[in-house]
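Each remark here refers to the structure printed beneath this line.
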Amino acid sequence: MSAWIVDRDHLDLLLTAAVQWDLITADQADDTGRMLWKENLASVAYRYPHDRDGGRPGPHGFRDRDVDTYRYRPYPGRIDPEVIEAAAASLRYQSCEHPGWHDSTSAQWVNRLHQLAADRIPAYLTEHGPVDPRRQAPDETGWYVLIDLAGKRQTRSADGWSVPDRDVLHRAAALRTGATP
């Protein structure tokens with residue numbers, strides 16, 4: 001497996017959903033973000049024991065002490081549970097490398113958010129329609145089609161894995177077949 005330290009925007013995205021879905025209050029977002037980032041750092045440090053502060057895979061210029069400086073900035077726009085589901089799965093994947101992960105408060109929190117997102121997807125699809133990846137600009141790859149071994153076609157959000165910028169939810173909304181961003 002590989003792991004990297006997620007960036008602030010990734011945490012902001014997850015915490016915005018958590019606040020809107022009443023998993024936490026806005027007052028708890030800073031502490032929750034710091035908790036998640038510390039666990040993510042512990043995983044990456046465990047996975048890559050020879051990497052040092054400032055040289056770990058993650059955001060450009062990231063230093064270990066940055067986990068203590070996290071401050072929540074809410075995301076604008078409609079919260080898309082498919083993007084949140086992918087982003088929560090990504091954080092779980094990036095943070096599960098060390099032995100303490102599975103029993104940690106962070107693991108419980110991320111798993112709960114992931115489940116909340118998955119539970120909200122059917123209603124969201126009914127209201128806003130599915131994503132049509134063909135509506136993306138030619139150079140965009142935020143959404144893709146996956147056909148599993150059983151031949152089932154699924155649309156997946158790659159944006160949630162790396163949260164390339166704060167416009168991820170606007171891009172997702174614009175690609176929904178029944179949506180107006």
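The sequence shown begins at 1 in full-length UniProt numbering and counts up one residue at a time.
Beta carbons are placed, not taken as given, at the ideal position from N, Cα and C, and that holds for glycine.
Throw me the rounded Cβ distance for the R120 and D68 pair, which I believe falls under 8 Å. Taking the sequence shown and counting its residues from 1, the one referred to as residue 120 is at position 120. Taking the sequence shown and counting its residues from 1, the one referred to as residue 68 is at position 68. The Cβ separation is near 32 Å, so there is no contact.
Backbone secondary structure at P181 - three-state DSSP: For the purposes of this step, residue 181 is taken as residue 181 along the sequence shown, with counting starting at 1. Reliability of the predicted coordinates at P181 is poor, the pLDDT of 49 falling under 50, and the value obtained from them is presented with this limitation in mind. The answer is coil: DSSP assigns P181 none of H, G, I, E or B.
Please report the straight-line C-alpha distance between W4 and V44, rounded to a whole angstrom. Translated into positions along the sequence shown, residue 4 becomes position 4. Translated into positions along the sequence shown, residue 44 becomes position 44. Near 6 Å, if we compare the C-alpha coordinates of V44 and W4.
Flag this pair as yes or no: are the beta carbons of L91 and V110 separated by less than 9 Å? Working through the sequence shown from its first residue, we reach residue 91 at position 91. Working through the sequence shown from its first residue, we reach residue 110 at position 110. Yes, the pair counts as a contact, with Cβ atoms nearer than the cut-off.
Entirely enclosed alpha helix (DSSP H) segments - the region 7–87, minimum 4 residues: Correct list: 8–20, 29–47.
Nearest CA to the CA of residue 206: which residue from A174, Q115, A150, G151? There is simply no residue 206 to check, as the chain begins at 1 and stops at 181 in what is shown.
Helix, strand or coil at L149 according to DSSP, with G and I counted as helix: Looking up residue 149 in the sequence shown gives position 149. The three-state reading of DSSP puts L149 in coil, since its state is none of H, G, I, E or B.
Could you pull out every residue in the same chain whose Cβ sits closer than 8 Å to the Cβ of R52, ignoring the five residues on either side in sequence? Start at 1 with the first residue of the sequence shown, and residue 52 comes out as number 52. Contacts found: none.
With contact counted as at least three CB pairs below 8 Å, one residue from each stretch, are the region 158–171 and the region 4–16 in contact? Contact holds: three or more Cβ-Cβ distances are below 8 Å.
If you reduce the DSSP assignment to three classes, tell me which class T155 lands in. Reading the sequence shown from its first residue, position 155 is the one you call residue 155. The DSSP-derived three-state label of T155 is strand.
Count the C-beta pairs between the region 98–115 and the region 15–24 that are closer than 8 Å, then say yes if the count reaches three, no if not. In the pairwise beta carbon analysis, the region 98–115 is classified as touching the region 15–24: at least three pairs are separated by under 8 Å.
Inter-residue spacing [alpha-carbon to alpha-carbon] between H170 and R176: On the sequence shown, position 170 is the one that residue 170 refers to. On the sequence shown, position 176 is the one that residue 176 refers to. If you draw a straight line from the Cα of H170 to the Cα of R176, it is about 10 Å long.
Please classify Y144 as buried or exposed, where buried requires at least 16 other C-beta atoms within 10 Å of its C-beta. On the sequence shown, residue 144 is found 144 positions in, with the first residue counted as 1. The residue is exposed, with fewer than 16 neighbouring Cβ atoms inside 10 Å.
Report all residues from its chain with a CB closer than 6 Å to the CB of A17; omit the five preceding and five following residues, and keep chain order. Taking the first residue of the sequence shown as 1, we reach residue 17 at position 17. The answer, listed in chain order, is I79, I84.
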